[in-house]
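Residue numbers (our numbering): 3 to 244.
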């Protein structure tokens, strides 16, 4: 697993799949491309700061499996934010995965910043929402606020439909402690699922973080496989820094 830079893109190599994104333009979708070129790319983790933001990149760099982009707080902005894309080692039934850390901070005394994140399903597919309680047994300890928002979104490609030769699954996982700060702003019939993070009072000296994962499988996931992926994410340790 490693990152390679071109004039406009950063490309993360994940074995049989590759991740393509423009780290200086966070509102663009990242694209996960499988080695089977007959399948449409997965488009995910578009990040739109609200209110409007200049999105001036202060620095963009790779550090081992991480690609980090910092966006400064210009005089016209209410806050600064950072994105940290982390290539993930995966095993069957998954062929590729990435974790995204988002963090925000401000130089002001009273702001309510929002980051809107979107994933787009290959047409004509849709995202299915899953709750924390359905994916993780209540006997398992979990972080506060879990269950107050979506835990995962799953998109299954239709087997044998159109250009797709086999089934495949895209899985969007949300950290349990972040779920209480998630607001879904798209409809269930929309092929593009959008959520908004944060949006609460924030002042200088405060740093807010959230994290999520996107996993790709060339197969249709079973319920136990989906649950196992979520449990592994929920129980994974939080890094000391974002």
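Every residue gets a Cβ at the ideal spot worked out from N, C-alpha and C, and that includes glycine.
Computed from a prediction, not measured in an experiment: that's the story for all the values here.
Query	Result
Close Cβ partners of residue 50 (< 6 Å) along its chain, the five nearest in sequence each way excluded	29, 118
Element boundaries [beta strand (DSSP E), containing residue 237]	Where residue 237 is concerned, there is no enclosing beta strand (DSSP E), although the alpha helix (DSSP H) it sits in stretches over 225-237.
Within 8 Å, strictly: CB atoms of residue 69 and residue 25	yes
Option nearest residue 79 by Cα separation, candidates 237, 53, 233	53
Cβ neighbours of residue 233 in the same chain (closer than 6 Å, five flanking residues each side left out)	138
Short Cβ contact (8 Å threshold) for residue 129 with residue 120	no
Local Cβ density within 10 Å of residue 191, reported as buried at 16 or more and exposed below that	exposed
Span separating the alpha-carbon of residue 208 from that of residue 63	24 Å
Rounded straight-line distance, which links the Cα of residue 5 to that of residue 14	4 Å
Cβ distance (whole Å) where residue 43 is taken to contact residue 221 below 8 Å	So it is not a contact: roughly 18 Å between Cβ atoms.
Backbone secondary structure at residue 18 - three-state DSSP	coil
Alpha-carbon to alpha-carbon, residue 36 and residue 1	Residue coverage of the chain in this structure runs from 3 to 244, which leaves residue 1 outside it and unanswerable.
Cβ neighbours of residue 12 in the same chain (closer than 7 Å, five flanking residues each side left out)	5, 23, 25, 69
Distance, residue 109 Cα to residue 81 Cα	7 Å
Between the CA atoms of residue 104 and residue 60 - distance to the nearest angstrom	15 Å
Delimiting residues of the beta strand (DSSP E) encompassing residue 219	210-219
Near the ligand ADP: residue 68 beta-carbon under 7 Å from a heavy atom	Of ligands this structure carries none, so the ligand ADP is not represented either.
Length of the line joining the Cα atoms of residue 173 and residue 93	14 Å
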